[in-house]
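For our numbering, count along the sequence shown from 1 and bump the result up by 11.
Where a beta carbon is used, it is the ideal one built from N, C-alpha and C, also for glycine.
Contents: one structure, followed by commentary.
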Amino acid sequence: MIIVHHLNNSRSQRILWLLEELAIPYELKCYQRDPKTNLAPPELKAINALGKSPVIEDGAQKLIESSAIIDYLIRRHGDGRLQPDPSTPRL
Ligand SMILES: N[C@@H](CCC(=O)N[C@@H](CS)C(=O)NCC(=O)O)C(=O)O
């Protein structure tokens, strides 16, 4: 089961959208921004030394960087969905 470390009001939302679109089951671990500083809570640093979201875990694999996560999910779990053929002619 993929685990998503999700921070409220963050680009982690893109990962949740993608997982929903691909109907991939996942477990959500939520973190709340500090209401004063708007920064992520210190607990996120235990997952990602940068203290940033999103982070996913897929078995022993841990990934950070939303674009890399999106690329990974589509390639690994997309079964060809949301992945246009690169040879498709440009208009
Ligand atoms: N380049 C990274 C940026 C990660 C990032 O800056 N995440 C923000 C939310 S959009 C964050 O965790 N901010 C909390 C903080 O800096 O304390 C990515 O695309 O994943």
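The alpha helix (DSSP H) spanning residue i covers which residue range?
i	result
Glu31	Ser23 to Glu32
Ile80	Ser77 to His88
Does the beta-carbon distance from residue i to residue j come in below 7 Å?
i	j	result
Ile75	Ile26	no
Leu33	Ser64	no
Ile58	Ile13	no
Let me check you understand the geometry: is the CB of residue i closer than 6 Å to at least one non-hydrogen atom of ligand 1?
i	result
Leu7	For the chain, the structure presents residues 12 to 102; residue 7 sits outside this window and is missing.
Ser98	no
Ala57	no
State the Cα-Cα distance for the pair residue i and residue j, rounded to the nearest angstrom.
i	j	result
Asn20	Leu102	36 Å
Val15	Leu29	12 Å
Answer yes or no: does any C-beta atom of chain B fall closer than 7 Å to that of residue i?
i	result
Leu55	Although the question refers to chain B, the structure presented lacks it and comprises just one protein chain.
Grab me the residues of residue i's own chain with a C-beta within less than 7 Å of its C-beta, minus the 5 sequence neighbours each way, in chain order.
i	result
Pro52	Tyr42, Gln43 and Asp45
Can you name the start and end residues of the beta strand (DSSP E) that residue i belongs to?
i	result
Asp69	Val66 to Asp69
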